[in-house]
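As given, the protein sequences belong to chains A and B, one line each in that order. First residue of the first sequence: 13, per the numbering used here; consecutive thereafter. First residue of the second sequence: 253, per the numbering used here; consecutive thereafter. Where a beta carbon is used, it is the ideal one built from N, C-alpha and C, also for glycine. Just so you know, these numbers come straight off a predicted model, no measurement behind them. Report on the following structure.
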Amino acid sequence: MTLLSSSRAALRSVLLRNQTTNLLINLTLREVRSQYKRTALGRIWSLVNPLANIATFSVIFGLLFGGKVDPGSKSGITSFALFIACGIIPWGFISNGVIAGMGALAGNSGLLTKVYFPRHVLVTSTVLSLATTFLTELAMLIAVMGVAGGPRVILYIPVLLVVVLINVFFVLGLGLVLSVLVVYFRDIQHIWTLFNQIWFYASGIVFPIATIRTAQDHLAQIGWGWVPLLGVFEANPAHQFISAYRRLLFDFDLPSPGTWGGMLLAAVISMAVGVLVYRRFQARIVEEV
Amino acid sequence: MGDYLAVEVSNVSKSFRIYSEQNKSLKATVLRRNRGRFEEFWALKDVSLNVRQGTTFGLLGNNGSGKSTLLKCIARILEPNQGAITRHGRMAAMLEVGSGFHPELSGRENIYLNSAILGMTRSEIERKFDSIVDFAGEAVARSIDQPVKNYSSGMYVRLGFSVSIHVEPDILLVDEVLAVGDMSFQEKCMDKFAELKRDGRTVIVVSHGLEQMRTFCDDAAWLDSGRIVGVGPVNDVINNYFEDEHHARPARGGGMRFGSGEVLIDWFELIPPDGREPSVLRSGEPLTIRMHYTAKERIEDPSFIVSIEQIEGQTMWAQHTKEADFLPADIVPGPGSIDVVIPRLALRPGTFHVSGSVHSRDGGVLDALARSVKFNVIDGAIREAGGIVALGSHWENLEPPRQMRTVAELEVENEAVRLERVRVHEESNAALDHRS
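Structure follows, in structure tokens:
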């Protein structure tokens, strides 16, 4: 009897998990499919945006400011535009993922107040749908890098996928925390847009870290050495992720153990806080949304 | 064995914060050091009820009584502050059909999405897909690959309803969504609900339509200001609710009375054609109902309603002086009466109540006296096989025509057959006796 009821309970929980997984897949597909529906270029839009960014930043920082980058250690690539590309595409995922995840609960109040389902699914599916877009962008990027630096880049794809996985967890955790906060304080979305601008430049996407080192040395010379310019960069999880992507895609090399540690720590902390905040507040989300 | 319970609600309380001024912004919160002033509002207070498996359970009450909050708590959309709700079996809520639809996606994609939101697995959706489209109707089937933003509101609702009902949950929660679509679709919905019920599934419904609830539900709970006022068989609960709503009070001589009281209905006199004892009437014979009233003041342009209800509460018939174009300019203070003449009492045997009311020119209830007189109908001039109404029907035109017989002939013949059987039986017994 107890065996029967416990096996029934197990079956139920499997079924429930099955349902949640199915819901997750369907919501992710909904996001992916509806993203560029009824637009003239369709999915091509998801590539136009990063391409435009790459072009703009290459012209400004490469051409106008004379940005230079050390050749990729094992690839020998010297193109500043490709250096930007390897940073801006992952950054696009981090930044869009956090912003979209943040609005996932507040933006779906209609659904939240009418049907019960695990609420985190909304945030998770949003982040996952952007991860799908990110993967297609990465595939294009790998092709381009392969043409520029040789087919060796293919060897790094498995490692790249691991980095993407860790990155997804980092974005998801952050998205969860912020999505709950946004339900309570709507203006966080505006504050975050502002913060996102600063975060972009503090992640070293449009210039190499060497530029920062030079600047830090310069600060030390004029007696402002206490300004932790380099420290900010090192402590910035986004910078850790970007440097991992660059190591793999631009240098055709493995990220340093420090970068691995930084990424893992960021993902674990982000997820832990995310789950904690979500658990604590999920029951009241519907009332506040 | 006893009854299996589908849902157990025990001592559930739920409060909301009603903000007099709410800070939805971090800036204001930091500046004022709080999130705004609020009052704790208890939408549910210590609510306990059991819903038996396989029954349809209604929640009724005025706006703000907490019935929708209770439904949402049962649906797990809201979490109670205190108490516990146990649900036995799979549950689906139909609080707003089609709420998960994405306008840019096609009907097909939305079926998959919405079904997943309602907790179906992929294989289940695939199995039920055709049935879902079929139920939603031809118009939806034709544009199943169109984005749903191009659907008419009727199609939208039909598709949403179809998805919800195909979840085939053990417990279905419904919030005022029965009034969707056209008549034929509503009929289909009612059939589907009946099917759910036949399959032993449980339905919990919030509705304002009392008559609909009466026919639809087995049990009901009546909530007022977040508390359970009454729970039990649907007719009892609805009657109590109705009487309370209208501030009805027991009338002298039976029944319930409500109204502003400028006129009082004294009693209803039933006048059968032949001056018989009026508590027993015959099906198909004429009947006059005389409503005796006393007016306390002169009433201009009054109107009268008399109705007959089945003992369970279903209204069988009602007549309004306005419908009949019988409109007195006024009635004067003092006693009076008005007759409504029924040429043929088209009711099958059963027990019925008479109710009536007097209204002012603008329709306000001056007095209403409900269920004060009871009468029985027995077989009379009209004899029909079953049901509630006696329509005075007859049979004819058998094709091809055959010789017709009478019941009397048949009975004579049956008697002969019986006697013959008895005789044969006796004979064989006698033969056996003889042999032994």
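{"Check": "Could you check where the beta strand (DSSP E) with residue 625(B) kicks off and where it finishes?", "Outcome": "617-630"}
{"Check": "Would a C-beta distance cut-off of 8 Å place residue 66(A) and residue 93(A) closer than the cut-off?", "Outcome": "yes"}
{"Check": "I'd like the list of long-range same chain contacts for residue 581(B), defined as Cβ closer than 8 Å, with 5 residues on each side in sequence excluded.", "Outcome": "552, 553"}
{"Check": "Measuring CB to CB, does residue 483(B) end up less than 8 Å from residue 619(B)?", "Outcome": "no"}
{"Check": "Using the three-state DSSP reduction, which class does residue 517(B) fall into: helix, strand or coil?", "Outcome": "strand"}
{"Check": "Looking at chain A, is there any beta carbon in it that lies within less than 8 Å of the beta carbon of residue 384(B)?", "Outcome": "no"}
{"Check": "Please list the residues of the region 555-586 of chain B that have a C-beta atom closer than 9 Å to any C-beta atom in chain A, keeping them in chain order.", "Outcome": "none"}
{"Check": "Is the Cβ of residue 299(A) closer than 8 Å to any Cβ of chain E?", "Outcome": "Annotation note: the requested chain E is absent from the structure, which comprises protein chains A and B."}
{"Check": "Along the region 315-328 of chain B, where does the CB come closer than 7 Å to a CB of chain A? Name the residues.", "Outcome": "327, 328"}
{"Check": "In whole angstroms, what separates the C-alpha of residue 331(B) from that of residue 438(B)?", "Outcome": "32 Å"}
{"Check": "Is the shortest distance between the beta-carbon of residue 363(B) and the beta-carbons of chain A less than 8 Å?", "Outcome": "no"}
{"Check": "Note down, in chain order, every chain A residue with its Cβ under 7 Å from the Cβ of residue 380(B).", "Outcome": "Neighbours of residue 380(B) on chain A: none; closest Cβ ~14 Å, over 7 Å."}
{"Check": "Please return the same chain residues whose Cβ sits closer than 8 Å to the Cβ of residue 513(B), not counting the five positions on each side in sequence.", "Outcome": "548, 618, 619"}
{"Check": "For a contact defined as C-beta to C-beta under 7 Å, what are the partners of residue 331(B) on chain A?", "Outcome": "295"}
{"Check": "Per the DSSP calculation, residue 225(B) is bridged to which residue(s)?", "Outcome": "As displayed, chain B neither begins before 253 nor continues past 688, which places residue 225(B) out of reach and without an answer."}
{"Check": "Identify, in the order they occur along the chain, each residue of the same chain with its Cβ nearer than 8 Å to the Cβ of residue 570(B), setting aside the five sequence neighbours on each side.", "Outcome": "557, 558, 559, 560"}
{"Check": "If contact means a Cβ-Cβ distance below 8 Å, which residues of the region 236-257 of chain A contact chain B?", "Outcome": "none"}
{"Check": "Assign residue 488(B) to one of three DSSP states: helix, strand, or coil.", "Outcome": "helix"}
{"Check": "Using the beta-carbon of each residue, which ones in chain B are nearer than 7 Å to residue 229(A)?", "Outcome": "Near residue 229(A) there are no residues of chain B at all, since even the closest Cβ is about 38 Å away, more than 7 Å."}
{"Check": "Grouping DSSP H, G and I as helix and E and B as strand, with all else coil, what is residue 132(A)?", "Outcome": "helix"}
{"Check": "Considering Cα atoms alone, identify which of 199(A), 276(A), 255(A) is closest to residue 222(A).", "Outcome": "255(A)"}
{"Check": "Relative to the alpha-carbon of residue 602(B), which residue among 572(B), 574(B), 565(B) has its alpha-carbon at the smallest distance?", "Outcome": "565(B)"}
{"Check": "Cβ-heavy atom distance between residue 285(A) and the ligand SAM below 7 Å?", "Outcome": "Absent from the structure shown: the ligand SAM. Ligands present: none."}
{"Check": "Can you list the residues of chain A that residue 341(B) reaches, using a CB-CB cut of under 7 Å?", "Outcome": "Residues of chain A passing the Cβ test: none, with the nearest at roughly 10 Å."}
{"Check": "Enumerated in chain order, which unbroken segments of the alpha helix (DSSP H) with a length of 4 residues or greater are wholly contained in the region 376-448 of chain B?", "Outcome": "390-394, 405-417"}
{"Check": "Name the residues in the region 189-217 of chain A whose C-beta lies less than 8 Å from a C-beta of chain B; which are they?", "Outcome": "196, 197, 198, 199, 200, 203"}
{"Check": "Bridge partners for residue 257(B) per DSSP, in chain order?", "Outcome": "304(B)"}
{"Check": "Using only the alpha-carbon positions, how far apart do residue 329(B) and residue 124(A) sit?", "Outcome": "7 Å"}
{"Check": "What in chain B is Cβ-close to residue 291(A), meaning under 9 Å?", "Outcome": "Within 9 Å Cβ-Cβ: nothing; residue 291(A) doesn't reach chain B, min ~12 Å."}
{"Check": "With a cut-off of 8 Å, does the C-beta of residue 253(B) fall near any C-beta of chain A?", "Outcome": "Its pLDDT being 37, under 50, residue 253(B) is placed unreliably in this model, and the coordinates cannot settle the point."}
{"Check": "Excluding the 5 residues preceding and the 5 following residue 36(A) in the sequence, name in chain order all residues of the same chain whose CB lies nearer than 8 Å to its CB.", "Outcome": "133, 136, 137, 140"}
{"Check": "Opposite residue 334(B) in the DSSP bridges: which residues?", "Outcome": "265(B)"}
{"Check": "I think residue 370(B) touches residue 301(A), with their Cβ atoms under 8 Å apart; what is that distance to the nearest whole Å?", "Outcome": "20 Å between Cβ atoms; not a contact."}
{"Check": "Which term fits residue 266(B), buried or exposed, when burial requires 16 or more other beta carbons within 10 angstroms of its beta carbon?", "Outcome": "buried"}
{"Check": "How many Å lie between residue 334(B) and residue 300(B) at the Cα?", "Outcome": "11 Å"}
{"Check": "Within the continuous beta strand (DSSP E) that includes residue 543(B), where are the two ends?", "Outcome": "539-547"}
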